Amino acid sequence: MNKKFERLFETVTFPNGATISSRFAMGPMVIVGSESNGEIGADDLAYWQRRNDAGSLLITGATAVSDYSDAYGNGLKLHKDELLDGWKQLAAVMKAKGNRAVVQLFHAGYRAAFTYKDKGVAYSASSKEYGFLDYPVTGMTEAQIEDTLNEFAAAAKRAIDAGFDGIEIHGANRYLIHQFFSAVSNVRDDQWGGSLENRARFALEVVKRIQEVIKQYAKADFILGYRISPEEIHREGNGFTFDEALYLIDEVAKLGVDYFNVSQSGVRGFAAEPKAGAYMGQAISKVIKTRLVGRALLLASGDLTSPDKILEAVTEYADITSNATMVLLDPDTKNKIQSGREDEVSLAVDETTIDDLKLPKAFYKIAPMIVTSQFVPQHTKDLIYKEPK
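All residue numbers for the sequence shown refer to full-length UniProt numbering, where the first residue is 1 and numbers rise by one.
Structure, rendered in structure tokens:
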């Protein structure tokens with residue numbers, strides 16, 4: 001190994017005592033490899049078999065906790081006990097090389113396009129129409145909120161029963177937990193909306209419910225993470241600023257989680273700065289990492305598209321790198337760097353190598369959303385955006 005990369009292969013210890021053997025995590029990505037009925041598919045298993053040594057912490061893509069959370073049709077689902085056998089197989093595949101496997105749990109909220117297609121309804125914090133959706137959105141009742149919280153807890157129990165080592169709560173990317181925290185999508189006037197504290201309540205309650213399940217059923221070193229978007233600023237107004245996201249991070253940290261995974265994108269996303277607020281001019285990840293010292297670890301994401309960027313991220317900005325596009329297109333990135341072959345790490349894919357990636361048959365449908373980096377060669381994009389023969 002090139003000496004300069006030694007930091008990437010240091011043992012990392014989480015606040016609960018769990019350890020991983022490097023600073024590589026495989027970040028969560030939706031791959032649409034499951035069966036339409038929600039069962040783990042052969043494509044899911046093949047994809048993870050190819051990547052079960054891509055990181056020391058392996059995080060699944062967004063996994064639905066509810067029958068009303070279908071955003072992708074063939075996405076991962078863990079909303080009923082009948083799916084458990086497939087999840088046990090997936091856990092075994094992901095853990096086969098001795099790495100830790102984590103399930104990312106989510107509810108799609110208003111992004112549940114397939115739920116609307118099948119059931120004629122898509123739920124969120126508030127009833128509202130959005131110009132970017134071709135269907136209406138229905139606000140949850142108090143009873144439906146309680147049911148959803150229970151669904152998060154039930155899915156967490158299934159993840160434990162399946163043999164996973166941890167859970168990541170998906171509070172980012174404009175899914176339901178994010179929607180409750182956003183002043184744009186949450187216009188409620190009850191305990192779940194209005195003030196910053198009330199808008200944070202749903203996220204905090206999800207954490208509490210899952211923590212109760214972990215305490216009762218999981219091992220002491222079971223990992224709990226939280227994925228967060230650092231701000232929501234767009235033409236419709238400010239859903240929340242980075243300053244407000246820091247409030248939520250502090251409150252989640254007080255409850256006790258092992259890590260935060262900051263959802264960032266774009267060129268040098270791992271070093272991005274806020275668009276507004278008191279911390280403009282400072283790197284988001286640096287601010288969060290400093291704030292979390294002694295409380296939780298930080299995973300960085302966004303444009304980790306070369307060995308040098310991966311090293312920079314864990315040297316300057318975070319404890320662990322949440323690698324996505326890089327290990328999607330080169331699953332051997334970690335092992336190449338460890339064996340001194342960092343010059344062989346590549347985002348280029350051609351007709352002779354694409355089959356080795358074991359991408360699900362339906363991945364081409366979602367690939368334009370997942371593989372967006374300008375550093376991915378256009379020929380690679382053309383190949384993975386195309387329906388396989």
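The beta-carbon is built from N, C-alpha and C at its ideal position, and this holds for glycine as well.
Note that the structure is a prediction, hence the values are computed from the model and not measured.
Straight-line gap, A71 to A313 (C-alpha atoms, nearest Å): 31 Å
Those runs of the beta strand (DSSP E) which lie wholly inside the segment 279-309 and span at least 3 residues: You should have 297-300.
DSSP bridge partner residues for R227 (one or two, in chain order): H170 and N261
Backbone CA spacing between T11 and N99 [nearest angstrom]: Each residue's Cα considered, the two are about 12 Å apart.
N-terminal and C-terminal residue of the alpha helix (DSSP H) that N150 is part of: E142 to A162
Distance between beta carbons of L328 and L371, contact taken as under 8 Å: Strictly speaking, residue 371 in this sequence is Val, with Leu absent from that position. Indeed, because the Cβ distance is near 7 Å, the residues count as touching under 8 Å.
Between the CA atoms of G302 and R268 - distance to the nearest angstrom: Just so you know, the alpha carbons of R268 and G302 end up roughly 6 Å apart.
Cross-strand partners of G139 (DSSP beta bridge): S124
Separation of K389 from I160, as counted between CA atoms: 38 Å
Which residues DSSP lists as bridging T19, in chain order: T13
Residue span of the beta strand (DSSP E) that contains R100, given as start and end: R100 to F106
Spatial neighbours of K381 in its chain, beta-carbon cut-off 7 Å, leaving aside the 5 residues before and after: V371
8 Å Cβ cutoff met for G55 and V30: In this structure, V30 does not lie closer than 8 Å to G55 by Cβ.
Inter-residue spacing [alpha-carbon to alpha-carbon] between D319 and F14: When rounded, the distance between both Cα atoms is 10 Å.
Sub-8 Å separation of E168 and Q211 beta-carbons: no
Cβ-based burial, H107 [other Cβ within 10 Å; buried from 16]: Classification of H107: buried, given that the 10 Å Cβ count is 16 or more.
Inter-residue spacing [alpha-carbon to alpha-carbon] between A112 and E35: 17 Å
Backbone secondary structure at F240 - three-state DSSP: strand
Between the CA atoms of I284 and A25 - distance to the nearest angstrom: 19 Å
Buried/exposed call for N37, threshold 16 Cβ in 10 Å: exposed
Reference G27; option with closest CA among I233, A362 and T325: T325
Beta strand (DSSP E) segment containing F24, residue limits: Start and end: F24 to M26.
Classification of Y217 by the beta-carbon crowding that lies within 10 angstroms, buried from 16 upward: exposed
Buried or exposed by the 16-neighbour rule on C-beta atoms within 10 Å, applied to Q374: exposed
With 16 other Cβ atoms within 10 Å as the buried cut-off, status of T115: Looking at its Cβ environment, which holds 16 or more other Cβ atoms inside 10 Å, T115 is buried.
Beta-carbon proximity list for Y317, same chain, < 7 Å, skipping 5 on both sides: F270, A271, A283, S285, K286, K289 and A300
Of the listed residues G171, F164 and Q191, nearest to A92 (C-alpha basis): F164
Straight-line Cα distance separating Y47 from I40: 11 Å
Beta-carbon gap between G17 and D221 smaller than 8 Å: Yes, the Cβ-Cβ distance between G17 and D221 is below 8 Å.
Strand pairing of H234, partner residues [DSSP]: G237
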